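Since the structure comes first, as structure tokens, the remarks are kept for the end.
Protein chains in written order, with my numbering: chain A, 1 to 83; chain B, 101 to 183.
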């Protein structure tokens, strides 16, 4: 499982749309607060690996492409731990 | 926007994984409780229209394919209204 504390240092590009607490800054961005870490990892990897088109994919894919599996696990753990 | 009350009658196939309140019944299923309705619509349509692969897409795509835009708006409104 990821390390939420490490994740807090890796959300620099995420906060613009998802905020620091996971509440989306616009209705088209999903709220991540307390979301399942397993699901978040699965989604971020799907974007990273080009398995998602449509919706926000054009925006999210480049964001995810710079992330390692460990980064993704940490970021997922961080947002999942938010309340 | 969708009609949450109408949506409550349309979540028959959704509850097996997402529950009636939106809390995923397994870690791999996303929590939908209070999620942005705009985002939920965008996601369900992406599954319906085959724009999402990987993750749960193989499971979600057939679920979404039977839904009209109005069904999707109502279901999104329903889960978004859950607390």
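Don't be surprised by glycine CBs; every beta carbon is placed ideally from N, CA and C. A quick note: this is a predicted structure, and the numbers were derived from the prediction, not measured.
Endpoints, alpha helix (DSSP H) assigned at residue i
i             : result
residue 8/A   : 4-8
residue 62/A  : 57-65
residue 169/B : 169-181
residue 140/B : 137-148
Buried/exposed call for residue i, threshold 16 Cβ in 10 Å
i             : result
residue 65/A  : exposed
residue 258/B : Since the first and last residues shown for chain B are 101 and 183, residue 258/B lies out of range.
residue 9/A   : exposed
residue 120/B : exposed
residue 58/A  : exposed
Beta-carbon contacts of residue i that lie in its chain and below 7 Å, excluding the five residues immediately before and after
i             : result
residue 113/B : 163
Close-in-space but distant-in-sequence residues of the same chain around residue i (CB under 6 Å, 5 per side omitted)
i            : result
residue 37/A : 76, 77 and 80
For residue j and residue i, believed in contact at Cβ under 8 Å, the rounded distance
i             : j             : result
residue 23/A  : residue 131/B : Actually they are not in contact, since the Cβ atoms of residue 23/A and residue 131/B sit about 14 Å apart, beyond 8 Å.
residue 146/B : residue 50/A  : Incorrect: roughly 14 Å between the Cβ atoms, too far for contact.
Proximal residues to residue i (C-beta, below 8 Å), its chain only, five neighbours per side dropped
i            : result
residue 2/A  : 37, 41, 70, 72, 73, 74, 75, 76, 77 and 78
residue 25/A : 16, 17, 18 and 19
- Taking any Cβ of chain A, which residues in the segment 117-129 of chain B have a Cβ under 9 Å from it, in chain order? Hits within the stretch, in order: 124, 126, 127, 128 and 129.
- What residues in the segment 52-75 of chain A have a beta carbon less than 8 Å from any beta carbon of chain B? 52, 53, 54, 55, 56 and 57
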